[in-house]
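Chains as they are written, first to last, in numbering that gives the first Met the number 0: chain A, 0 to 358; chain B, 0 to 434.
Have a look at the structure below before the remarks.
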Amino acid sequence: MIHITKRKEMPLPQALAIRLLAIALSLVVCGVITAVMTGLNPLDVYGTMIKGAFGTQRKIWILLQEIAILLCVALALTPAFRMKFWNLGGEGQILVGSLASAACMICLGDKVPNALLILLMAVASVAAGAVWAGIPAIFKARWNTNETLFTLMMNYVATQLVAYFVIVWEVPKGSGNIGIINQSTEAGWFPQLFGYKYLLNIILVALLTVAMHVYLTYSKHGYEISVVGESASTARYVGIKVDRVIVRTLLLSGAVCGFAGLLLVGGTSHTLTTTIAGGRGFTAVMVAWLAKFNPAIMAASSFLLVFMGNGAGEISTAYGLNHSFGDILTGIILFFIIGCEFFISYKVHFAKKEGERVV
Amino acid sequence: MKNLEDMMLGRRQFVLGLSGAAALALAACGGSGDSGTDEGAADAGDAAAEGTAIKVGLICLHDENSTYDLNFINGFKEAMGTLGVAEGDYMIKTNIPEGQECYDAAAELADAGCTLIFADSFGHEDYMIQAAKEFPEVQFCHATGTKAHTEGLDNYHNAFASIYEGRFLAGVAAGMKLQELADAGQLKGAAPKMGYVGAFTYAEVVSGYTSFFLGAKSIVPDVTMDVTFTGSWYDETAEKEGATKLIAGGADLISQHADSMGAPTACENAGIPNVSYNGSTVDACPNTFIVSSRINWAPYYEYAYDCVVNGNAIDVDWTGTLATDSVQLTEINEAAAAAGTADKIAEVKAGLEDGSIHVFDTASFTVEVTADKNVNATVDGNGNLTSYMADVDTDAAYEGDTEVIADGFFHESEYRSAPYFDLQIDGINLLDTAF
């Protein structure tokens, strides 16, 4: 017989050991699957993935930039998740943020000085993201609507909105493509720091990580978020205005997603497409979850996912394997990482026939 | 150029719940849309230094699951085989979105020693230009793009093929089929009617369906055609629904310009003949597939490779033709095609090649000019074109800049490789133009 009991707090070294063991096991399973399904040497495949992520200076910059954007979105979702408000609308909030930035670049590109333009883009995209998350928040606060569905549906509205404006601004006519905005004037493009394309984005997200950590851990707002997350009734009892906390927190969550949209449009791609968010609004859910909503650990989980993604691309080119194969490996590794949490939270007892107990 | 991902993602994401396990499923399904990176197989070779062999890269929007990308990948591998390029000296990066990722991919290929880099999707163009400016010693070749002739860069080039000739020939096969149906009294209406599922109202699509229509019209002069648009280059559901709608609207035959199996499948289910694109769909549609036109990219890859190896300049705009074998028809499916189709196609093809037939012969179609339709056109009393200012130099205002009517026909793909025929001609009825 097997029975399961909940553990008390497990000491950190032991918890870390379990996690490392899980990762090691997942790599073994991945290795077996790689060898069986492709006939390749798993160690070579792992080596190629590492080369794909770190092989050149450029690859490292790309890796850091991708981590930064994904982390930014995860940071955005965190305050809402801590409050147990399931914001699945990250994708849409990024999209409207991107749309607002692109609109400023297209409509004001040649009318205002660059510094002012970038400031306007920042304000517009942050506001757009905040509105997109604020609408479901208000409905939740007022009428207790289901935020999961509402935020999810807002993604589709955002996608269609972007699709509409892509047609408004498309070049050439009918192509459904905007292309790089202000390619000749570079109006609204973020400046390059010290000649590095992606450094500014990375620094901004690093600062944001610290700020979010401080906000959640040391501010009164952060405390209120935790209390509402634990129990709305308790929060009400101690005099916290729950409705207000919900709306305020979601405005913040959406604003940071909008900021991610700004980074994508102003900082890197300089264009607008319906796929510019690239699924990050959803991937970030996992980033935040894996890190138990701890901003510092989120940097590590973002790294893991981006590393796996870039590595998957590398093996698809090097060995002619489909991208999906890399996704399979990622899935296996995540399965083990998430699965091991069970053994950290619970203790499994195997009782032998005589009732003798073994750990 | 292709919006596969948003549709695919939409579906997947929708079913996700909230648990960590669901989040797991999400990442496992590849929601993150990451770009491929690579260069592993190639060792930092010395072949380039010898001037005899170079490294070549190809950037693809999706992977071989898309018929569009598959057509490029097959052409690329075929050309590499013909040229004898060693396996480690060419690299393919798949699933590269139309954003900064394309620039990154191009730069990584250049870092890996590639001196010739291709990209396959329209939306890659600006990022290829960005990379071309940064790596002047590397040649960048972009298929379907429009800006090479106005950018003025020595190392940035566009390419396309005169696929309108292939479409015209496919249209001839369609016309033959309609004639056969008419002779057998099997038309749905009094006059033959075709349906066409297009992606966007972009010139590439307009040029394609118009040439197809004119090919059919050369056989059955009273034919008309309905066109519907999906707003995506790859949307299986929308393409299937579009074809079904056209069939319900009385179409006797369907063709399409979009990259999924949606329209061919709808035709097979309804027993309506289909003229396909990108490659043969006969395996899935043995009873209804007639013929398909496709662009064969291998000649371009070979041409560009030879140019780089021999130190010659690559054409700013390269247009493959029937003569270069860039425009191809697949094998005709005798089970669905009308008798004598192959002979007729051979006859018309010979006419196109010797210049006795022009696809966009102004005498073969009429155009209506109104305040918001065909505004850049001038017609004579019969409605035949006498002048058209096409938007050849891409600009945000879509301004017509080049006279393309001369010698009695519309000169397609001559002033740049990508198509610019975007007139709405009589006999073709656009059902929706939202895209």
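Every residue, glycine too, gets a C-beta built ideally from N, C-alpha and C.
For clarity, every value in this text was computed on a predicted model and none was experimentally measured.
- Between the alpha carbons of G308(A) and R279(A) lies a gap of roughly 12 Å.
- At a cut-off of 7 Å, the C-beta of I202(A) has no neighbouring C-beta in chain B.
- The C-beta distance from S206(B) to F420(B) rounds to 4 Å, short enough to fall under 8 Å.
- Taken through DSSP and simplified to helix, strand or coil, A237(B) comes out as helix.
- Per DSSP, reduced to three states, the secondary structure at I91(B) is strand.
- For G399(B), there are no neighbours in chain A by C-beta distance under 9 Å, as the nearest C-beta there is about 11 Å away.
- Taking C-beta atoms as the reference points, Y195(A) and Q64(A) fail to come closer than 7 Å.
- According to the DSSP secondary-structure assignment, V290(B) is paired through a beta bridge with no residue.
- The beta carbon of L215(A) sits closer than 6 Å to those of G221, all from its chain and outside the five residues before and after it, given in chain order.
- Those residues of the region 143–166 of chain B placed with their C-beta closer than 8 Å to a C-beta in chain A are T145, ordered along the chain.
- With respect to the C-alpha of T274(A), the residue from W131(A), P78(A), G175(A) and I66(A) having the closest C-alpha is G175(A).
- Taking C-alpha positions only, A433(B) is separated from K50(A) by approximately 45 Å.
- Within the region 182–201 of chain B, contact with chain A at the beta-carbon level (separation under 7 Å) is assigned to F199, T200 and Y201.
- Only T93, N94, P96, E97, G98, Q99, D103, A106 and E107 from the region 93–108 of chain B bring a Cβ to less than 7 Å from some Cβ of chain A.
- In this structure, the alpha-carbon of A186(A) lies about 15 Å from that of L263(A).
- The Cβ atoms of Q99(B) and V307(B) lie no closer than 7 Å to each other.
- Here F117(B) is not near T318(B), since their CB atoms are 7 Å or more apart.
- Taking CB atoms only, Q191(A) has no neighbour in chain B less than 7 Å away.
- Within the region 214–291 of chain A, the runs of alpha helix (DSSP H) at least 4 residues long that lie entirely inside it are, in chain order, 219–229, 231–236, 241–261 and 279–289.
- For Y302(B), the secondary structure class from DSSP, reduced to helix, strand or coil, is helix.
- Beta-carbon to beta-carbon, L82(B) and Y304(B) are separated by about 6 Å, close enough to satisfy the 8 Å threshold.
- Counting C-beta pairs with one atom in each stretch, the region 142–151 of chain A and the region 75–93 of chain A have three or more that are closer than 8 Å, which means they touch.
- Distances from the CA of D314(B) to each of C284(B), F71(B) and Y155(B) were compared; the closest alpha carbon is that of Y155(B).
- Flagged as an interface residue toward chain A: M90(B), by a C-beta distance shorter than 7 Å.
- Within 8 Å of the CB of A336(B), no CB atom of chain A is found; the nearest one sits about 32 Å away.
- Proximity to Q327(B) across H357(B), T66(B), T243(B) and E164(B) peaks at E164(B), based on C-alpha coordinates.
- Looking at the DSSP output, Q138(B) bridges to L115(B).
- In terms of CA proximity to V130(A), N154(A) leads the group N154(A), A114(A), K110(A) and L107(A).
- Among the CB atoms of chain A, one or more fall inside 7 Å of the CB of G122(B).
- Neighbourhood of T393(B) in chain A, by CB distance below 8 Å: V170 and P171, in chain order.
- Annotation: the region 166–242 of chain B contains the following complete segments of the alpha helix (DSSP H) (minimum length 4 residues), in chain order: 202–216.
- The beta carbon of Q159(A) does not come within 7 Å of any beta carbon belonging to chain B, so the residue lies off that interface.
- Distance from the CA of Q13(A) to the CA of A23(A), rounded to the nearest whole angstrom, comes to 15 Å.
- At least one CB of chain B lies nearer than 7 Å to the CB of S174(A).
- E402(B) is bridged by DSSP to M388(B).
- The Cβ of S300(A) sits no closer than 7 Å to any Cβ of chain B.
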